[in-house]
Amino acid sequence: MLEINEFKHDLLKWFDENQRQMPWRETKNPYYIWLSEVMLQQTQVNTVRPYYNAFIERFPTIEALSTTNEEDVLKYWEGLGYYSRVRNFHEAVKEVHNKYNGKVPDDPESFQSLKGVGPYTNAAVMSIVHNHPLPAVDGNVLRVWSRLTCNDADIAQPKTKKLFEKELQPFVETKSGDFNQAMMELGATICTPKKPICILCPVQKHCEAFAEGVVSELPVKKKKIKKKTIDYDVLYITNREGQILIRKRDTKLLNGMWEFPMFEQDTSIDAIEDELDSVITIENEPVIQTKHVFTHMTWNMKVYKAYMQKENIKPPYKWMNKNEKDTLSFSTSMTKIFTQMNQLL
DNA sequence: GAAGCGTGGCA
DNA sequence: TTGCCAAGCTT
Numbered sequence: 001m002l003e004i005n006e007f008k009h010d011l012l013k014w015f016d017e018n019q020r021q022m023p024w025r026e027t028k029n030p031y032y033i034w035l036s037e038v039m040l041q042q043t044q045v046n047t048v049r050p051y052y053n054a055f056i057e058r059f060p061t062i063e064a065l066s067t068t069n070e071e072d073v074l075k076y077w078e079g080l081g082y083y084s085r086v087r088n089f090h091e092a093v094k095e096v097h098n099k100y101n102g103k104v105p106d107d108p109e110s111f112q113s114l115k116g117v118g119p120y121t122n123a124a125v126m127s128i129v130h131n132h133p134l135p136a137v138d139g140n141v142l143r144v145w146s147r148l149t150c151n152d153a154d155i156a157q158p159k160t161k162k163l164f165e166k167e168l169q170p171f172v173e174t175k176s177g178d179f180n181q182a183m184m185e186l187g188a189t190i191c192t193p194k195k196p197i198c199i200l201c202p203v204q205k206h207c208e209a210f211a212e213g214v215v216s217e218l219p220v221k222k223k224k225i226k227k228k229t230i231d232y233d234v235l236y237i238t239n240r241e242g243q244i245l246i247r248k249r250d251t252k253l254l255n256g257m258w259e260f261p262m263f264e265q266d267t268s269i270d271a272i273e274d275e276l277d278s279v280i281t282i283e284n285e286p287v288i289q290t291k292h293v294f295t296h297m298t299w300n301m302k303v304y305k306a307y308m309q310k311e312n313i314k315p316p317y318k319w320m321n322k323n324e325k326d327t328l329s330f331s332t333s334m335t336k337i338f339t340q341m342n343q344l345l
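The numbers in the UniProt record's numbering rise by one with no breaks, and the one at position 170 of the first sequence is 170.
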C-alpha cells in the first residue's frame, strides 16, 4: 500500500515545478474555475483554451452571463461539443445569481445540487477554490490510480470509480486542490494512455504496476459497442431573395443548434413537402456527399440544392440571410456544409 | 447500470 | 481509414 506522506510529497513537488500554465490556473475566482471544469469535461486542454478566453471576455461575471439569453450564450460554445453542458451551466449560474445572491456556494452539497455539477466537478471546484477534502476522480485519475495500485478492475464501471474515490480519500485531507490537479496533470503528461513515460515519472518508486512490469496492460477498460450509421438527405433550400431555410433542433442530440433541413434517405418527397408545408423543387443529383462521425453514431449526408418560395415560415423553421450565419449556432457538420456550398456557388 | 451526448487529434 | 481517447453528467 502507498505511503501517503511520501507519495504526496513526491507528487506535489513535481507538480509545483512542472505544471503547465493555463489561464484558469491564474485565478481563484470560483466562477472561472467552475467554467473551466465544465469546458474540460471530455475535452482536451488545448481545445478549451480559446473557448475559455473568449467566454470570460464576453461573460466576465455571473451577472453578465445570467442576463444573457441562451441563443447568445450557445454561440460561445459553438464547435466545442456536448452542448447540454452550456445549457446546464447557464441555468446553474442563473440559479446562483437568483438564489445565492450571485455567490457560488462554497459547501459541496449546495454546489453539486446545481445543474451539470456532478461528483467530479464538485470535487474539482471545491478542492481548488476552498481545499475541501474531496477526491476528484476523472479519466486521468482512473488510469493513474489503476496503475499505481496495480488494479485490473474495469474502469468503465461506476463501482470502480467509487472504490478509487474511497481509496483516495486519505490523500486529500490536506492540500486537496493541488493533489487533485497533480494527479490529473500526471495522467495528462506522464502516465498517458499509450506509451507512458515511466522514466520521467515522479512517483515511479510508488507504482505497483511498474514494479510488476504491467504498466502497459493497465487500465482495463471494457470496449464499447460499435456505432450506428444513419443516411440523410440534407436540403440546401433557397428562395427568390437568396435566403436559406434552416431549422432549430428540438432533440437530445445537438439540442438548440440550427441545421439545414435533413431527412432520412427513404423519406418521400410527399412527406418532405408535408413537413415543410410547401411545394419544393429538389435537384436530382447531390452536390456534396459528406460524413460526420460522432462518438456513438455516424451520419452519411447527401446535400441537395433545392428551391422553395414560402412567405410565412413558422418555428422551428426560419429563412436565414447569409450574414446571419455568424449570429446563430450550428453544429460543426452544418458549418462544413455551409462553407462548401459557398465555395461551389 | 448502461446508453446518449460532440469534436478534434493521433497512431 | 478506423478506432481510441480527452479535467463527465444525465436519464
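Cβ coordinates follow ideal geometry from the N, Cα and C atoms, glycine included.
Taking C-beta atoms as the reference points, Lys223 and Ile155 fail to come closer than 7 Å. Going by beta carbons, Val215 and Met183 fall outside the 7 Å limit. Here Lys325 has Phe338 as same chain residues with Cβ atoms under 7 Å from its own Cβ, once five neighbours each way along the sequence are excluded.
The alpha helix (DSSP H) runs of length 4 or more contained entirely in the region 148-207 are, from start to end of the chain, 158-168, 176-189. A residue is called buried once 16 or more other Cβ atoms fall within 10 Å of its Cβ, and Ala211, having fewer, is exposed. Minimum Cα-Cα distance from Met262 among the listed residues Tyr317, Lys228, Lys28, Tyr76 corresponds to Tyr317. Secondary structure of His132 (DSSP, three-state): coil. Apart from the 5 residues on each side of it in sequence, Ile288 sits with its Cβ closer than 6 Å to the Cβ of Val303, Gln340 in its chain, given in chain order. With contacts defined as CB atoms closer than 7 Å, Leu134 and Met126 qualify as a contacting pair.
With contacts defined as CB atoms closer than 7 Å, Ser329 and Leu74 qualify as a contacting pair. Cβ contact annotation for Ala136 (same chain, cutoff 7 Å, sequence separation greater than five): Tyr120, Ala123, Ala124, Ser127, Asn180, in chain order. Residue pairing of Phe330 in beta bridges, as defined by DSSP: Trp258. For Asp274, the enclosing alpha helix (DSSP H) has its first and last residue at 269-276. Pro23 and Leu245 have their alpha carbons spaced roughly 39 Å apart. One Cα belongs to Thr43, the other to Tyr31, and the distance between them is close to 19 Å. No Cβ-Cβ contact shorter than 7 Å links Lys305 with Tyr232. C-alpha of Lys103 to C-alpha of Thr67: approximately 15 Å in a straight line.
Membership of Met39 in the alpha helix (DSSP H) is indicated by the continuous run 30-39. For Leu35, same chain residues with a beta-carbon under 8 Å away, outside a window of 5 residues either side, are Trp24, Tyr52, Phe55, Ile56, Phe89 in chain order. When DSSP states are grouped into helix, strand and coil, Gln289 belongs to the strand group. For the pair Val234 and Tyr307, the Cα-to-Cα distance works out to about 13 Å.
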